[in-house]
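**Student:** One structure follows; several queries about it will come next.
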Amino acid sequence: MSYNVNDNGYYGEFGGAYIPEMLYPNVEELRKNYLKITSEDSFKREFDALLQDYVGRPTPLYFAQRFSEKYKTRVYLKREDLCHTGAHKVNNTIGQILLARRLGKKRIIAETGAGQHGVATATVCALMGIECVVYMGEIDIKRQAPNVARMKMLGATVVPALSGSRTLKDATNEAIRDWINNPTDTHYIIGSVVGPHPYPDMVARFQSVISEEIMQQLKLKEGRENPDYVVACVGGGSNAAGAYYHYLDNPEVGIIAVEAAGKGVHTGESAATSVLGKAGIIHGSKTLLMQTTDGQITEPYSISAGLDYPGVGPMHAHLYTSGRGEFISITDEDAMKAGIELSQLEGIIPAIETSHALAIFEKRPFNPEDIIVVNLSGRGDKDLDTYIEYFKL
């Protein structure tokens, strides 16, 4: 059994492209061309050169000694927080802007929650001199003000989403509406492994540089390519997809996905899709989705803007239902404590998204000889206001 996408764009029963007819030409153009273009030597050379010289790859694989001693196991941190723009998101935006340019697109749109994907999209649009419009929920605009300022400095137009919960889901809805109205000259850079096929696979491929580097770096440090476990936080799930990618079909490597339980899984203020979700369709793909009995999407909640999404990508839905992935839900409180703990044990302030992944060590024992790689997906600069307010710093 493979845990990767099949020829029809499905991961097991999840995936596909459930889209309005108006979007069919756009999505079909991508589907027909993405593998061909991204496998061309000229594309690969340009992509690799930008990852190295612009993003600063490879990112370090850092042995967290004091953290490891505390939890009596061996923990490596994949330092995606050291990428240009402060998170893994830029790996994907560089890939997609190169693809969009080869397809002759003149305008880029994107959605963003925590703002990191918006910044990464605005960054590559500035780099390539292409117009950029970013949709962002009104609530997220308030709680991620520094990232909004960055996007504007980079020349992007930031459009607030004023409907629904005014967070990531609603920003995505607005971006899809824009794309329907501007089908020929616009490319939609989706920031996570969500949306209609080929997006989940395309984003996972651009992010797969993470697991590719982990294999090479672990070989040098430990004499083996495979950790015992790879751990990542999952909202939509692009950082996780990138960290898991080369290990998906390798049963020796445990896959641990960490979701946001918000104020508690069953409090009604949560984003723990694996526990609360059932199969449904959101933003063009079939996946696990938090919804009411009559199929209305329920509002997610997390202190972390990047995990505040009512579904997961179809790859992750399949990892959960097949049992290949172990899913753990972490509350706001436990995540915030883990963020402070890493800061004080290792001198690394993590994004609150990543703090959820770090919090599992309080909940789940590992063996002393286990090698665990945690994808440190982003840095905590963008979350300082939340940390300050929460801990009264």
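Note that numbering that gives the first Met the number 0 gives residue 202 to position 203 of the sequence shown, counting from 1, and the numbers run on in steps of one. Ideal Cβ placement from N, Cα and C applies to all residues, glycine included. It should be emphasised that the depicted structure is a prediction, and the values quoted were computed from it without experimental measurement.
1) Looking at ALA231 and ASN374, is the spacing between their C-beta atoms short of 8 Å?
2) Would you please state the rounded distance, in angstroms, between the beta carbons of GLN206 and ALA304? I believe it to be under 8 Å.
3) I need the DSSP call for LEU186, collapsed to helix, strand or coil.
4) Measuring only the C-alpha atoms, how far is ARG323 from HIS315?
5) Just verifying my parser: in three-state terms, what is the DSSP assignment at THR286?
6) Please classify GLY15: does DSSP put it in a helix, a strand, or coil?
7) Nearest-angstrom Cα distance between LYS218 and ALA256?
8) Three Cβ pairs or more, each shorter than 8 Å: is that satisfied between the stretch 141-155 and the stretch 115-128?
9) List the endpoints of the continuous beta strand (DSSP E) containing GLY261.
10) Per DSSP, what are the beta-bridge partners of LEU60 in this structure?
11) Quick one: measure Cβ to Cβ for ASP227 and ASP6, integer angstroms, because I've assumed they're closer than 8 Å.
12) So what does PRO349 bridge to, in DSSP terms?
13) Are VAL311 and GLY236 close, meaning C-beta to C-beta below 8 Å?
14) Helix, strand or coil, according to DSSP, for TYR198 in the structure here?
15) Which same chain residues, not among the five before or five after GLU268, have their C-beta less than 6 Å away from its C-beta?
16) Would you kindly report the start and end of the unbroken beta strand (DSSP E) that includes ARG138?
17) Could you pull out every residue in the same chain whose Cβ sits closer than 8 Å to the Cβ of VAL133, ignoring the five residues on either side in sequence?
18) Under the rule that 16 or more other beta-carbon atoms within 10 Å means buried, what is GLN64, buried or exposed?
19) Which first and last residues belong to the alpha helix (DSSP H) in which PRO313 is found?
20) Taking the Cβ atom as the reference point for each residue, do MET127 and ARG101 lie within a distance shorter than 8 Å?
21) Tell me which residue opens and which closes the beta strand (DSSP E) that TYR393 is part of.
22) DSSP on TYR308, reduced to helix/strand/coil?
23) Assuming LYS302 and ASP333 form a contact by the criterion Cβ under 8 Å, report the distance between their Cβ atoms to the nearest whole angstrom.
**Tutor:** According to the data block:
1) Against a cut-off of 8 Å, the Cβ pair of ALA231 and ASN374 comes out as a contact.
2) Under the criterion of beta carbons closer than 8 Å, GLN206 and ALA304 do not qualify as touching, at roughly 19 Å.
3) Here residue 186 is His; the residue named in the question, Leu, does not match the sequence. The DSSP-derived three-state label of HIS186 is strand.
4) Cα-Cα distance, rounded: 9 Å.
5) Of the three classes helix, strand and coil, the one that applies to THR286 here is strand, per DSSP.
6) DSSP places GLY15 in coil when its eight states are reduced to three.
7) Cα to Cα, LYS218 sits roughly 23 Å from ALA256.
8) At 8 Å Cβ cutoff, the stretches touch.
9) The continuous beta strand (DSSP E) containing GLY261 extends over residues 253-261.
10) LEU60 pairs with LYS77.
11) With a Cβ gap of about 32 Å, ASP227 and ASP6 do not count as contacting.
12) Per DSSP, the beta bridge partners of PRO349 are ARG378.
13) Less than 8 Å separates the beta-carbon of VAL311 from that of GLY236.
14) Per DSSP, reduced to three states, the secondary structure at TYR198 is helical.
15) Exclusion of the five residues before and after GLU268 leaves GLY261, LYS262 and TYR300 as the residues of its chain whose Cβ lies within less than 6 Å of its Cβ.
16) The question names Arg, but residue 138 is Ile in the sequence shown. First-last for ILE138: 137-142, but that is the alpha helix (DSSP H), not the beta strand (DSSP E).
17) Residues of the same chain with a CB within less than 8 Å of the CB of VAL133, apart from the 5 flanking positions on each side, are ILE108, ALA109, GLU110, THR111, GLY117, THR120, ALA121, MET150, ALA155, THR156, VAL157 and VAL158 in chain order.
18) Residue environment analysis places GLN64 among the exposed positions, since fewer than 16 neighbouring C-beta atoms fall within 10 angstroms of its C-beta.
19) Residues 313-321.
20) Cβ atoms of MET127 and ARG101: not closer than 8 Å.
21) The shown model of the chain, from 0 to 392, leaves out residue 393, and the question about it has no answer.
22) Here TYR308 sits in coil by DSSP.
23) Note that residue 302 is Ile in the sequence shown, not Lys. Not quite, the Cβ-Cβ distance comes to about 11 Å (not below 8 Å), so this is no contact.
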